[in-house]
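What follows is a short report on a single structure.
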Amino acid sequence: MSNQSVLILSILIPLIGGIGISFLRTAPNLREACTLVSSIVLAFVVYSLLPRILSGETVNITFREILPGLALEFNVEPLGMLFACLASGLWIINSLYSIGYMRGNQEENQTRFYIYFTIAISSSMGIAFAGNMFTLFIFYEILTLSTYPLVAHKQNSDARSGARIYLGLLIGTSIGFQLVAIIWTYLITGTLDFTPAGILKGKIDPTLLPILLALYMFGIGKAALMPFHRWLPSAMVAPTPVSALLHAVAVVKAGVFTVLKVVIYIFGIEFLSETGASTWLIWVASFTLIAASIVAIMKDNLKAVLAYSTISQLSYIVLGAALANSLGILGGGLHMATHAIGKITLFMCAGAIYVATHKTEISEMTGLGRKMPFTYAAFTIGSLSIIGLPPFAGTWSKWYLALAAVDTSSWLVIGVYMLSSLLNVWYLLSIVAKGFFAPSSEINDPSPETIKEAPLLCVLPPCLTALGCIALFFFAEGIVDLLRPIVN
Amino acid sequence: MNFILPHLPVLQVAIPLIAAPVCVLFTFGGHRKLAWLFTLAISWVCFLIAVALLSRVLLDTDISYAIGNWPPPFGIEYRVDPINAFVLLIISGISAIALPFARLSVEKEIETDRHILFYTSYLLCLTGLLGVTITGDAFNIFVFLEISSLSTYVLIATGVRQNRRALTAAYNYLILGTIGATFFVIGIGLLYMVTGTLNIGDLAERLQPLSDNRVVHAAFAFIVIGMGLKLALFPMHVWLPNAYTYAPSLVTVFLAATSTKVSVYVLLRFLFTAFGPSYDFVTLTFEFVLLPLAIVAMFAGSLTAIFQTNAKRLFAYSSVAQLGYMMLGVSLSNIPGLMATILHIFNHALMKGALFMALGCVMYRLGTVSLGSMKGLSRSMPWTMGALILGGLSLIGVPGTVGFISKWHLILGTLEAGYWPIAILIVGSSLLAVIYIWKIVEVAYLEKGINREEIVKEAPISMLAPLWVLVILNFYFGIDADLTTWVARNVAETFLGAGA
Amino acid sequence: MIDALISHYNYWLIIILMMLGLYVVVSRGNLVKKIVGLNIFQTSVFLLYISLGKVTGGTAPILTGKPEAFSNPLPHVLILTAIVVGIATTSLGLALVVRIRESYGTIEEDDILIAERSEDASKINGGSG
Chain A
19 MSNQSVLILS ILIPLIGGIG ISFLRTAPNL REACTLVSSI VLAFVVYSLL PRILSGETVN
79 ITFREILPGL ALEFNVEPLG MLFACLASGL WIINSLYSIG YMRGNQEENQ TRFYIYFTIA
139 ISSSMGIAFA GNMFTLFIFY EILTLSTYPL VAHKQNSDAR SGARIYLGLL IGTSIGFQLV
199 AIIWTYLITG TLDFTPAGIL KGKIDPTLLP ILLALYMFGI GKAALMPFHR WLPSAMVAPT
259 PVSALLHAVA VVKAGVFTVL KVVIYIFGIE FLSETGASTW LIWVASFTLI AASIVAIMKD
319 NLKAVLAYST ISQLSYIVLG AALANSLGIL GGGLHMATHA IGKITLFMCA GAIYVATHKT
379 EISEMTGLGR KMPFTYAAFT IGSLSIIGLP PFAGTWSKWY LALAAVDTSS WLVIGVYMLS
439 SLLNVWYLLS IVAKGFFAPS SEINDPSPET IKEAPLLCVL PPCLTALGCI ALFFFAEGIV
499 DLLRPIVN
Chain B
14 MNFILPHLPV LQVAIPLIAA PVCVLFTFGG HRKLAWLFTL AISWVCFLIA VALLSRVLLD
74 TDISYAIGNW PPPFGIEYRV DPINAFVLLI ISGISAIALP FARLSVEKEI ETDRHILFYT
134 SYLLCLTGLL GVTITGDAFN IFVFLEISSL STYVLIATGV RQNRRALTAA YNYLILGTIG
194 ATFFVIGIGL LYMVTGTLNI GDLAERLQPL SDNRVVHAAF AFIVIGMGLK LALFPMHVWL
254 PNAYTYAPSL VTVFLAATST KVSVYVLLRF LFTAFGPSYD FVTLTFEFVL LPLAIVAMFA
314 GSLTAIFQTN AKRLFAYSSV AQLGYMMLGV SLSNIPGLMA TILHIFNHAL MKGALFMALG
374 CVMYRLGTVS LGSMKGLSRS MPWTMGALIL GGLSLIGVPG TVGFISKWHL ILGTLEAGYW
434 PIAILIVGSS LLAVIYIWKI VEVAYLEKGI NREEIVKEAP ISMLAPLWVL VILNFYFGID
494 ADLTTWVARN VAETFLGAGA
Chain C
40 MIDALISHYN YWLIIILMML GLYVVVSRGN LVKKIVGLNI FQTSVFLLYI SLGKVTGGTA
100 PILTGKPEAF SNPLPHVLIL TAIVVGIATT SLGLALVVRI RESYGTIEED DILIAERSED
160 ASKINGGSG
């Protein structure tokens, strides 16, 4: 297969899967099989591109121009490759998990759920492989729209208002700021292509540069930079598989991925560090990082804690981009991967706890660890990885990000990293500690004996990703190698 | 064939004009279906003529046709250039797509003994709109404008079977429309007074030395106000919401997609061909009258739309906002801005055509389009509601739809003119569109269905097919905008070049 | 100055007539009276056209062979069309008024508004939307 057709296939496969699912809506077993098969095929196709990209090949497809200089264009580069590998690989595990969760909870409208899921994955692929900002923007919007029905899945008033905030903030920021930034860029440069050294250098008045950067950074609402982070906690009304894959991997990673893309290929890291236009962003990202962690400590709802933790972790990546040096970009890219695999573990554990016990508040989960050892073991590993302790994957990304801060002598940033890791320990490990060591809450629960592990399909996936957290510690060098061409 | 080709410009108007009285003959024997078929056939003939005219104008040169062989500027001249060929295509195209939809919709919404007369009025309305667009004679514009307006009043009033307010809506439109048209004709009279000509091309030349003439200024004001009334420029839009809400579905589709667009075209014609942006009084009007009104329209229209409970009225107010976009593009008077206006004339016809047609389907099954009655409707009418959502996305301006193409140019235009805050305002008002579209999404998709006496089925295929044709066109021209942007650029350059 | 006013007396009359007509349209609540106002307004425009075609001392443009001054026939012809349009508008307007009277039982705008408001109110109370 030619590289081009592989690229096209990776966008089409989920859609084809979606069509298959809609035909098989009367046969749940076949329908789920269809989801699984398309996820496996997709991962196979995406990973088949990996060696070619590692060997330095480039893949580029340009479809027709919609407006002069604005083509639907796809281009595979290392960062996009990483994002595509993450999303497609974790989709398999998440599909397994979805089956267990949706059946375990006897959710309604499962066909719709699976169909929109495929559309969301397809648009993530489109984002990963977008060759210019315009293409990326199109898929960015499709991703927002296709995840809306997933967030509103329960269709009750909570889900509706949550989904309203979700859509309002994401569409609002993207049309209100990002689109303006894109049109502005197009007006002064005449192109929106992702170019290794950036396209803005010498074309824009440096005093306006921070404003343009701000339009992009706040316009990319999916990166959840404060004060536009509210959609992420709102989206937690969705079923847990949605939170797990979309709000730990696809959607938020699409956000920070876009941030990295814009910083690297539109602004150019050299241009940014020369002009210092991203200094303000360091402050905003640092603030988000700390503030979100503090909010997470005060929350009792497990998914809300994880949501705020995600907001905080996303800011690590934005911070990496804002430092505008090669180590920051490497660390940011690496953190995309390590945080994805860590956070999906945590979400799947939260879902497994919900399926087994229907509990959502941390204060009710005392002593559960002894009843659900596998789930809690996976949760512990995921937490440690997020915190950044060896031998778990999160170590390396934080290592690189800290190096980047040292490199630019941003001592404040190092302080922020340290403080934040401490806060991580506080809010994540306290959950683990309550699960394992606190006495069971017999009063709240009339029949504690009936609690046991969730169905196999709910427990196996988080255990697998927890193993992944460990494996990635040893193989992180591979990701760094993949990303290195970007910064050289 | 060679005998017919040179006469295409006059046939474009003459065919529907002659067809209208012929259509009345179907009352003998009451051949309702034949009358519909006849109207459909005439529409398609008009559409083919419009296609032929547009391709000739684009590939060759402008066409000038002297009615009755009286040479212009003495006789009436029909002048076809890219802009009006484009508008002709929109009018006849929408009509050709809407008529297959019409039969069942009209069957349901209009009293049986009125069908043939309804189609007759429809043909007259089509004649009027095509005539306004094609003619190059200022007074002739007035005459055709009144032909289309009078038949429009009748068409709106036929909605009386659904709701008696169609009568008052038609009456109010009649009063305001007549005032608008009379203002317009006063303007023409004043221009004739100082120039002694009615031919627009000739007018443009003779106005050159008269830019300080008070009478010319007064004429300009009368024409802008008159057309502003006809195109529902805020705050002269008060007739529009009721007229769109209570007219039969077919009429709403046709009017929303074409009639205000024709008025926009006439205004463009006078602003840019006859007067031209080189005159101070024109640019001052742009900057201090049209621009602020357009922005107020964008917000007032969208904000009012958010609070509507009747879907047709909601989209009627959205039309007021969309006309604001068109006027904003005009008032920028630079190439991208003007392109945006011309593109939006076409694009808005596609999206509003699709949206009102989808509501027509709802009307056909439910007999009402209030949001309350549409709860959970996505289950029983998935195709109709799907089309409604896709049309709504286009209205918002999501990339890949025609709405995006217009908004893109409009924002480029404001940025080029240096109006940064206005670019922000444009996206701000798009966000308001998100709110009112999502109101419908939530009602149709997320609310529990209400118990209805009978089971609601999907609309029949003859209504769905034209609807989806329009929806697909919304996306087709959003992805392949070569033709439309080419025409728009061509026209914008001519308009601005002629004035410079 | 006074001369200019007097020699253009026709325009002054036309403007007065025009304003009268518009005022009637806006101020009257009776639908028929509104149409009467509209008619006055339109008639003033007819007069505008007719008077601007008049050439002092000119006669009707009938070619009699003698060198005479003619009035401009074009505005007169145009206004014939406009008169036809005006009649059509009036008759259509009156027809609508008849239908409104049949279904509302009144031709006073205020009463119609009251009727429509109470309809709205009953709809909301009835909950049928």
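Chains as they are written, first to last, in my numbering: chain A, 19 to 506; chain B, 14 to 513; chain C, 40 to 168. Backbone N, C-alpha and C fix where the C-beta goes; we use that ideal spot for every residue, glycine too.
{"Check": "Rounded Cβ spacing between Tyr372(A) and Thr378(A) (contact assumed at less than 8 Å)", "Outcome": "6 Å"}
{"Check": "Three-state secondary structure assigned by DSSP to Phe508(B)", "Outcome": "helix"}
{"Check": "Integer Cβ distance of Leu158(B) from Ala194(B), believed to fall under 8 Å", "Outcome": "6 Å"}
{"Check": "For Met151(A) and Lys243(B), the rounded distance between their alpha carbons", "Outcome": "41 Å"}
{"Check": "Candidates Leu459(B), Trp252(B), Ala494(B), Ile424(B): closest to Ile193(A) by CA position", "Outcome": "Ile424(B)"}
{"Check": "Any C-beta of chain A under 7 Å from that of Arg502(B)", "Outcome": "no"}
{"Check": "Partners in chain A for Trp421(B), counting only beta-carbon separations shorter than 8 Å", "Outcome": "Leu85, Ile201"}
{"Check": "Chain-order list of residues whose beta-carbon lies under 6 Å from that of Gly165(C) (same chain, five-residue window excluded)", "Outcome": "No answer about Gly165(C) holds up, because its pLDDT of 45 lies below 50 and its placement is not dependable."}
{"Check": "Neighbour-count burial assignment, Ser167(C), 16 or more Cβ in a 10 Å radius", "Outcome": "Interpretation of Ser167(C) is limited by its pLDDT of 41, a score under 50 that renders its predicted location unreliable; the figure taken from the coordinates is listed afterwards. Exposed, by the Cβ-count rule."}
{"Check": "For Arg92(B), the residue or residues it bridges with in DSSP", "Outcome": "Ser77(B)"}
{"Check": "Phe299(B) versus Leu486(B) - alpha carbon distance", "Outcome": "32 Å"}
{"Check": "C-beta neighbour in chain B for Val124(C), strict 7 Å", "Outcome": "yes"}
{"Check": "At least three beta-carbon pairs within less than 8 Å, the segment 234-248 of chain A to the segment 190-205 of chain A", "Outcome": "yes"}
{"Check": "Residue range of the alpha helix (DSSP H) that includes Arg512(A)", "Outcome": "Here chain A covers residues 19 to 506 and nothing more, so residue 512(A) does not appear."}
{"Check": "Under the three-state DSSP convention, the category Phe92(A) falls into", "Outcome": "strand"}
{"Check": "Val517(B) and Ala324(B) closer than 7 Å at C-beta", "Outcome": "What the structure shows of chain B is the stretch from 14 to 513, and residue 517(B) is not part of that stretch, so it cannot be assessed."}
{"Check": "7 Å Cβ cutoff met for Gly96(C) and Glu147(C)", "Outcome": "no"}
{"Check": "Contact set between Ile55(C) and chain B, taken where Cβ atoms lie within less than 7 Å", "Outcome": "Within 7 Å Cβ-Cβ: nothing; Ile55(C) doesn't reach chain B, min ~15 Å."}
{"Check": "Where the segment 445-469 of chain B meets chain A: residues whose CB sits under 9 Å from a CB there", "Outcome": "Val447, Ile448, Trp451, Val454, Glu455, Tyr458, Leu459, Glu460, Lys461"}
{"Check": "Rounded separation between Ala61(A) and Tyr489(B) - CA only", "Outcome": "31 Å"}
{"Check": "Val77(A) - containing beta strand (DSSP E), residue span", "Outcome": "77-85"}
{"Check": "Any 3 or more C-beta pairs closer than 8 Å across the segment 251-262 of chain B and the segment 219-236 of chain B", "Outcome": "no"}
{"Check": "Endpoints, alpha helix (DSSP H) assigned at Leu401(B)", "Outcome": "395-409"}
{"Check": "Buried versus exposed call for Phe288(B) [16 or more other C-beta atoms within 10 Å across all chains shown]", "Outcome": "buried"}
{"Check": "Residue-chain proximity (Gly168(C), chain B), Cβ-Cβ < 7 Å", "Outcome": "Confidence is the limiting factor: at Gly168(C) the pLDDT is only 38, short of 50, which leaves the residue's position unreliable and the question unanswerable from this model."}
{"Check": "Selection of the segment 148-162 of chain A by Cβ proximity to chain B, strictly under 7 Å", "Outcome": "Phe155, Ile156, Glu159"}
{"Check": "Coil, strand or helix - Ser383(B) by DSSP", "Outcome": "strand"}
{"Check": "Residues near Val281(A) by beta carbon distance below 6 Å, same chain, minus five either side", "Outcome": "Ala339"}
{"Check": "Contacting residues, own chain, Cβ-Cβ under 7 Å from Pro100(C) (five flanking each side not counted)", "Outcome": "Phe109, Ser110, Pro112"}
{"Check": "Where Thr145(C) sits in the DSSP three-state scheme", "Outcome": "coil"}
{"Check": "Residues that Gln173(A) contacts on chain B, provided the C-beta gap is smaller than 7 Å", "Outcome": "Leu459"}
{"Check": "Interface partners of Phe152(B) on chain C, CB under 7 Å", "Outcome": "Leu117"}
{"Check": "Backbone CA spacing between Phe60(B) and Ile192(B) [nearest angstrom]", "Outcome": "31 Å"}
{"Check": "Contact with chain C by Leu143(B), beta-carbon distance below 7 Å", "Outcome": "no"}
{"Check": "Outcome for Asn174(A) when other beta-carbon atoms lying within 10 angstroms are tallied against a minimum of 16", "Outcome": "exposed"}
{"Check": "7 Å Cβ shell around Ser83(C) - same chain, five flanking residues per side excluded", "Outcome": "Ile53, Leu56, Met57, Gly60"}
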